[in-house]
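According to the numbering used here, the sequence shown holds residues 1 to 740 in order.
By construction, the Cβ of each residue, glycine as well, lies at the ideal position given by its N, Cα and C atoms.
Predicted model, so just to flag it, every value in this text is computed and none were measured.
Working notes, beginning with the structure itself.
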Amino acid sequence: MARRKARRSASRGFSLNKNHIGGAMIVLGVLYFFSRVMAEGSPVFNFFTKYSGIAFGEIGLLFFFALAILMGILVLVKGHLAKFLIKYYGLLLMLISAELNIRFWSVQEAINYPANGGYFSWPLLWLLERGLKNETGSYILAIKWIVGVLLVGAILYLLYVLNVRLPKLPRITIEQSERPAKKEEKSDSKENARPTITISRPDISTDSIMEKVSQATGKIVEKTKTASGASGSLFKDMFKAKVEQKIEEKKPKPVIQYSGDKPTFQYSALESNLGKDTRIDEEFLVEKAKDLQIKLAEFGVPITIEGFDIGPSIVQIKIKPEEGIKISAIENLQNDIKLALKSKSLSILAPIEGTDMIGIQIPNPQPNMVRLGDILSTQEFGEKMKKNQTSLSLGKGIDGKVQIRPLETMPHLLIAGATGSGKSVGVNDFILSLMFQNTPAELKFLMVDPKQVELEMYSGLPYLLAPIVFESGKAIKLLQWAVEEMERRYTILKEERVKNLDEYNEKMLAESKEKMYRIVIIIDEMADMMISSAANKKEVENCINRLAAKARAIGIHLILATQRPSVNVITGMIKANIPTRIAFGVVSEIDSRTILGRKGAEDLVGKGDMLYMDPSTKFPIRIQAPFVSTEEIERVVGQLKNKYMQNLTEEDIYHPEIVAALEAKVESSKGGFSVGEGGSDDELINQAIAVISETRKASATMLQRKLNIGFGRAARIMDALEERGVVGPQDGAKPREIFL
1 MARRKARRSA SRGFSLNKNH IGGAMIVLGV LYFFSRVMAE GSPVFNFFTK
51 YSGIAFGEIG LLFFFALAIL MGILVLVKGH LAKFLIKYYG LLLMLISAEL
101 NIRFWSVQEA INYPANGGYF SWPLLWLLER GLKNETGSYI LAIKWIVGVL
151 LVGAILYLLY VLNVRLPKLP RITIEQSERP AKKEEKSDSK ENARPTITIS
201 RPDISTDSIM EKVSQATGKI VEKTKTASGA SGSLFKDMFK AKVEQKIEEK
251 KPKPVIQYSG DKPTFQYSAL ESNLGKDTRI DEEFLVEKAK DLQIKLAEFG
301 VPITIEGFDI GPSIVQIKIK PEEGIKISAI ENLQNDIKLA LKSKSLSILA
351 PIEGTDMIGI QIPNPQPNMV RLGDILSTQE FGEKMKKNQT SLSLGKGIDG
401 KVQIRPLETM PHLLIAGATG SGKSVGVNDF ILSLMFQNTP AELKFLMVDP
451 KQVELEMYSG LPYLLAPIVF ESGKAIKLLQ WAVEEMERRY TILKEERVKN
501 LDEYNEKMLA ESKEKMYRIV IIIDEMADMM ISSAANKKEV ENCINRLAAK
551 ARAIGIHLIL ATQRPSVNVI TGMIKANIPT RIAFGVVSEI DSRTILGRKG
601 AEDLVGKGDM LYMDPSTKFP IRIQAPFVST EEIERVVGQL KNKYMQNLTE
651 EDIYHPEIVA ALEAKVESSK GGFSVGEGGS DDELINQAIA VISETRKASA
701 TMLQRKLNIG FGRAARIMDA LEERGVVGPQ DGAKPREIFL
């Protein structure tokens with residue numbers, strides 16, 4: 001419900017569609033003619049005559065309002081050409097007004113044209129008058145002819161653009177017989193001297209035109225050159241090019257050029273808590289420190305309080321045991337300390353890295369929410385962004401410092417966390433951080449979302465290399481393609497004699513060639529893929545291990561998330577190949593040891609509280625992950641679509657090989673979507689109409705998810721619904737209109 005309200009509020013504003021424009025033009029024209037016939041003395045008619053006459057003249061009024069009705073009908077019928085029609089409507093009005101208001105029988109009236117006719121075409125007539133003026137005044141007739149030719153040309157061009165079919169006319173073709181043999185040369189000389197003229201009425205269909213054009217490239221073109229010279233050949237070549245341009249069904253994939261502006265979206269799309277300092281009651285700190293000293297003294301463990309670290313959600317009491325006290329003596333008293341401090345959660349960091357102190361971590365009674373906007377707008381993130389464009393905003397540490405790590409050095413990430421721990425929010429943080437630093441030409445995502453609700457908001461973004469995958473079978477196809485792409489990229493690097501993606505892109509930049517983008521594969525729930533079947537588990541594990549072991553150098557990275565960090569999901573090989581891990585709150589110590597190799601994650605307080613560990617850290621680092629709401633994500637996605645999806649559809653941005661691979665998997669298992677076989681296509685179209693009517697949304701990705709079909713078939717269904725008038729045409733990043 002919150003998403004729906006946000007989308008409604010974001011879409012509020014004043015906009016005109018084809019129904020508004022076309023209807024207004026028709027009503028304007030009908031109202032004028034009705035007033036002229038039925039109520040000539042009415043105020044409405046006088047208003048039209050007074051103000052419209054200034055622009056178009058008395059004679060041009062009838063044509064102005066008649067053309068308004070015609071253009072209104074064309075706008076309703078050809079809605080996707082509304083802007084084009086409005087533009088050429090003004091051109092036609094200018095030419096018609098100029099043609100009607102020139103009175104070439106009176107030189108004086110033409111000279112005083114602005115007073116006698118409309119002002120709308122006065123600039124055109126003034127320019128022509130200056131160019132053709134002579135002493136006799138005969139230039140007026142020349143002006144009228146020039147304007148007439150321009151008017152006819154504009155009308156023909158408009159008909160051509162609108163693809164209006166002209167009436168079928170008989171065509172005259174000249175058939176000339178070939179030169180006879182020498183023996184029959186005399187007897188056939190008379191017949192060969194005269195060409196045969198035949199009149200035929202051809203079928204002007206697409207197939208017929210293509211056949212005629214293909215035939216015209218052979219013998220007929222050669223004979224036309226002989227009969228009519230080079231001009232006939234030129235005409236046929238021009239005609240062929242025009243026909244092929246107009247009737248070609250499969251349009252080439254557009255060359256997409258993205259803006260290089262960075263950051264890619266505005267900070268204003270994200271909420272911020274900057275300026276709100278982390279506050280805590282001093283009496284609380286003093287009380288907890290005394291209770292801690294008293295409890296440890298009861299067990300013969302004397303300590304001194306060395307200080308406090310106050311983080312967004314955690315307070316760390318730094319203590320220093322006296323000489324001769326073992327660290328294990330304090331660790332074994334964890335539950336007793338927790339009881340004495342009356343804390344719902346407690347962790348012991350022994351020792352604090354680089355010091356001779358031990359950290360006792362308890363929840364902050366006055367937690368301060370960390371926002372993603374707070375991290376992205378910091379100076380630290382800006383400096384990291386200058387060095388590389390793969391920085392991930394992890395959050396803030398216990399000491400309040402911003403924690404940022406580059407994905408390039410990880411180079412893969414394994415995430416685990418129970419429900420409500422903040423795992424999905426953390427994944428969204430990483431996605432937005434990468435989008436913030438990279439354009440769609442520099443970074444692409446492959447997303448797998450078995451729950452179908454976590455990553456669906458990013459659907460239709462040009463950052464996606466393929467539609468978001470919801471099924472484990474398709475996810476395997478996606479990983480298999482990634483392995484093939486990895487091998488292909490290594491072959492390219494070998495040919496170019498470079499070692500990694502950065503060196504390759506630098507070389508391509510120096511040679512003004514196309515660079516290679518990074519690919520980030522995100523799997524939101526890996527357990528669903530691993531436990532679906534034994535065959536799937538083996539194939540998934542094999543693909544992940546190959547990518548994790550080799551894909552770093554060629555710019556392919558893995559971000560794997562799971563709710564169940566069990567040994568059946570996170571196998572030993574996967575852990576060995578992915579040393580960088582993040583643990584949000586988990587259920588048990590066993591799960592913590594599975595993901596981190598040590599305990600601690602079971603004591604996290606949730607809501608973004610996490611432990612981060614990579615090969616450079618001996619102990620996990622406790623960090624508060626930033627929060628980003630669904631409304632913020634939708635605002636960012638909206639900005640990115642408006643910036644990068646102008647005049648593009650989802651079919652334009654997806655990789656055709658991946659889409660074909662995903663479709664092949666679905667068709668082999670479910671029978672496919674075949675037109676004309678048992679009415680299966682009609683059944684799916686009817687289901688799609690019902691879904692669109694219920695949700696009031698119309699997109700291929702939505703049908704893909706609701707009807708459990710592939711993206712290619714969902715796109716074909718959308719095309720069929722557009723032809724039937726159920727939905728409107730695709731208009732860049734804007735949603736389709738629904739006419740139900």
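Check: On the premise that residue 640 lies in contact with residue 447, defined as a C-beta separation below 8 Å, what is that separation, rounded to the nearest angstrom?
Finding: To locate residue 447, count along the sequence shown from 1; it is residue 447. To locate residue 640, count along the sequence shown from 1; it is residue 640. Between residue 447 and residue 640 the beta-carbon gap is near 15 Å, outside 8 Å, which marks them as no contact.
Next item on the list: Go to residue 493, then tell me how far its alpha helix (DSSP H) extends in each direction, as first and last residue.
Entry: The residue given as residue 493 occupies position 493 in the sequence shown. Note, residue 493: alpha helix (DSSP H), 472-496.
Notebook entry, point to check: What is the residue span of the alpha helix (DSSP H) that residue 444 lies within?
Noted result: Counted from its first residue, the sequence shown places residue 444 at position 444. DSSP places residue 444 in no alpha helix (DSSP H) but in the uninterrupted beta strand (DSSP E) bounded by 443-448.
Check: Where residue 461 and residue 562 are concerned, what is the direct C-alpha to C-alpha distance, given to the nearest angstrom?
Finding: Here residue 461 refers to the residue found at position 461 of the sequence shown. Here residue 562 refers to the residue found at position 562 of the sequence shown. Rounded to the nearest angstrom, the two C-alpha atoms are 24 Å apart.
Check: With residue 348 and residue 366 assumed to form a contact (beta carbons below 8 Å), what rounded beta-carbon distance in angstroms separates them?
Finding: For this step, residue 348 is matched to residue 348 along the sequence shown. For this step, residue 366 is matched to residue 366 along the sequence shown. The C-beta distance from residue 348 to residue 366 rounds to 23 Å, too long to meet the 8 Å contact threshold.
Checklist line | Neighbourhood of residue 605 by C-beta, 8 Å cutoff - its chain only, sequence neighbours within 5 removed | finding: On the sequence shown, position 605 is the one that residue 605 refers to. Beyond the five residues adjoining it in sequence on each side, residue 605 comes within less than 8 Å, by CB distance, of 313, 314, 344, 345, 363 and 585 in the same chain, given in chain order.
Next item on the list: With DSSP as the reference, please indicate the residues paired to residue 348 in a beta bridge.
Entry: By 1-based counting over the sequence shown, the position of residue 348 is 348. Note: residue 348 sits in a beta bridge opposite 360.
Notebook entry, point to check: Cα separation between residue 662 and residue 389?
Noted result: The residue labelled residue 662 in the question sits at position 662 within the sequence shown. The residue labelled residue 389 in the question sits at position 389 within the sequence shown. Counting only the Cα atoms, residue 389 lies some 30 Å from residue 662.
Notebook entry, point to check: Sorted by chain position, which residues of the same chain lie with C-beta nearer than 7 Å to residue 720's C-beta, five sequence neighbours on each side aside?
Noted result: Position 720 of the sequence shown holds residue 720. Sequence-distant partners of residue 720 (beyond 5 residues in either direction) whose C-beta falls short of 7 Å from its own C-beta, in its chain, are 685.
Check: Does the pairing of the stretch 542-555 with the stretch 506-515 give three or more beta-carbon distances under 8 Å?
Finding: The answer is no - the stretch 506-515 does not touch the stretch 542-555, with fewer than three Cβ pairs under 8 Å.
Item checked: Length of the line joining the Cα atoms of residue 705 and residue 568 -> Counting from one through the sequence shown, the residue named residue 705 turns up at place 705. Counting from one through the sequence shown, the residue named residue 568 turns up at place 568. Their Cα atoms are separated by approximately 28 Å.
Check: residue 377: which of 393, 615, 656 and 387 sits nearest, CA to CA?
Finding: Taking the sequence shown and counting its residues from 1, one reaches residue 377 at position 377. Nearest of 393, 615, 656 and 387 to residue 377, Cα basis: 393.
Margin query: So, at 7 Å on beta carbons, what are the nonlocal neighbours of residue 454 in its own chain, with the 5 sequence-adjacent residues on each side left out?
Written below: As a position in the sequence shown, residue 454 is number 454, starting the count at 1. When the five nearest sequence neighbours on each side are left out, the beta carbons in the same chain lying within less than 7 Å of the beta carbon of residue 454 are those of 424 and 524, in order along the chain.
Next item on the list: Tell me whether residue 392 sits in a helix, a strand or coil according to DSSP, three-state version.
Entry: The residue given as residue 392 occupies position 392 in the sequence shown. Three-state result, residue 392: strand.
Notebook entry, point to check: With which residues is residue 321 paired in a DSSP beta bridge?
Noted result: As a first step, residue 321 is located in the sequence shown; it is residue number 321 there, counting from the start. Within the DSSP secondary-structure output, residue 321 pairs in a beta bridge with 303.
Notebook entry, point to check: Do you know how far the Cα of residue 280 is from the Cα of residue 371?
Noted result: By one-based count along the sequence shown, residue 371 stands at place 371. By one-based count along the sequence shown, residue 280 stands at place 280. Residue 371 and residue 280 have their alpha carbons spaced roughly 19 Å apart.
Next item on the list: Would you tell me roughly how many angstroms separate the C-alpha atoms of residue 103 and residue 67, rounded to the nearest one?
Entry: Counting from one through the sequence shown, the residue named residue 103 turns up at place 103. Counting from one through the sequence shown, the residue named residue 67 turns up at place 67. Annotation note: pLDDT 48 at residue 103 (below 50); position unreliable, no value reported.
Next item on the list: For residue 647, count neighbouring C-beta atoms within 10 Å of its own C-beta (all shown protein chains included) and say buried if the count is 16 or more, exposed if not.
Entry: For this step, residue 647 is matched to residue 647 along the sequence shown. Burial call: exposed.
Notebook entry, point to check: Can you give the Cα-Cα distance for residue 626 and residue 728, rounded to whole angstroms?
Noted result: For the purposes of this step, residue 626 is taken as the residue at position 626 of the sequence shown. For the purposes of this step, residue 728 is taken as the residue at position 728 of the sequence shown. Taking the straight line joining both Cα atoms gives about 40 Å.
Margin query: residue 422 and residue 609 - do their beta-carbons sit closer together than 9 Å?
Written below: The residue you call residue 609 lines up with position 609 of the sequence shown. The residue you call residue 422 lines up with position 422 of the sequence shown. Yes; because the gap between Cβ atoms is below 9 Å, this pair is in contact.
Item checked: DSSP-derived helix/strand/coil call for residue 33 -> The residue you call residue 33 lines up with position 33 of the sequence shown. For residue 33, the three-state secondary structure derived from DSSP is helix.
Check: How about residue 319 and residue 354: do their beta carbons lie closer than 9 Å?
Finding: Start at 1 with the first residue of the sequence shown, and residue 319 comes out as number 319. Start at 1 with the first residue of the sequence shown, and residue 354 comes out as number 354. No, the pair does not count as a contact, with Cβ atoms beyond the cut-off.
Next item on the list: Could you please give the first and the last residue of the uninterrupted beta strand (DSSP E) stretch that includes residue 293?
Entry: On the sequence shown, residue 293 is found 293 positions in, with the first residue counted as 1. Residue 293 -> not in any beta strand (DSSP E); alpha helix (DSSP H) instead, spanning 282-298.
Note to self: Taking only three categories from DSSP, how would you classify residue 757?
What the structure shows: Given that the chain is displayed from residue 1 to residue 740, the structure contains no residue 757 and the question cannot be resolved.
Check: What is the DSSP secondary structure of residue 715, counted as helix, strand or coil?
Finding: Here the question's residue 715 lines up with position 715 in the sequence shown. Residue state, collapsed to three classes: helix.
Note to self: Considering only the alpha carbon of each residue, which of 603, 306 and 463 lies closest to residue 654?
What the structure shows: Taking the sequence shown and counting its residues from 1, the one referred to as residue 654 is at position 654. Checking every option, the nearest Cα to that of residue 654 belongs to 463.
Note to self: Quick check on the burial criterion: 16 or more other C-beta atoms within 10 angstroms. Buried or exposed for residue 29?
What the structure shows: Residue mapping note: residue 29 aligns to position 29 of the sequence shown, counting from 1. Buried, because 16 or more other Cβ atoms sit within 10 Å of the Cβ of residue 29.
Next item on the list: Use the C-beta contact count for residue 751: other C-beta atoms within 10 angstroms, 16 or more gives buried, fewer gives exposed.
Entry: No answer is possible for residue 751: it lies beyond the span of the chain, which begins at 1 and ends at 740.
Next item on the list: Could you spell out the range, first to last residue, of the beta strand (DSSP E) harbouring residue 427?
Entry: Within the sequence shown, numbered from 1, the residue matching residue 427 stands at position 427. In the DSSP annotation of this structure, residue 427 is not part of any beta strand (DSSP E); the continuous alpha helix (DSSP H) holding it starts and ends at 423-437.
Check: Rounded to a whole number of angstroms, what is the C-alpha to C-alpha distance between residue 598 and residue 397?
Finding: For the purposes of this step, residue 598 is taken as the residue at position 598 of the sequence shown. For the purposes of this step, residue 397 is taken as the residue at position 397 of the sequence shown. Going from the Cα of residue 598 to the Cα of residue 397 covers about 20 Å.
Next item on the list: Step through the CB atoms of chain C and report whether any lies within less than 9 Å of the CB of residue 536.
Entry: No chain C appears in this structure, which consists of one protein chain only.
Note to self: Could you compute how far the alpha carbon of residue 722 sits from the alpha carbon of residue 418?
What the structure shows: Looking up residue 722 in the sequence shown gives position 722. Looking up residue 418 in the sequence shown gives position 418. Taking the straight line joining both Cα atoms gives about 43 Å.
Notebook entry, point to check: Whole-angstrom Cβ separation of residue 340 and residue 295, contact assumed at under 8 Å?
Noted result: Numbered from its first residue, the sequence shown carries residue 340 at position 340. Numbered from its first residue, the sequence shown carries residue 295 at position 295. About 4 Å; that satisfies the 8 Å criterion.
Next item on the list: Leaving aside the five residues before and after residue 316 along the sequence, list all residues of the same chain whose C-beta is less than 6 Å from its C-beta, in chain order.
Entry: What you label residue 316 is simply residue 316 of the sequence shown in a count that begins at 1. The answer, listed in chain order, is 309, 359, 361 and 398.
Next item on the list: Give the DSSP-derived three-state secondary structure of residue 684 in the structure shown.
Entry: Start at 1 with the first residue of the sequence shown, and residue 684 comes out as number 684. In the displayed model, residue 684 falls within a helix according to three-state DSSP.
Next item on the list: Go to residue 374, then tell me how far its alpha helix (DSSP H) extends in each direction, as first and last residue.
Entry: Translated into the one-based positions of the sequence shown, residue 374 becomes position 374. Counting along the chain, the unbroken alpha helix (DSSP H) around residue 374 starts and ends at 372-376.
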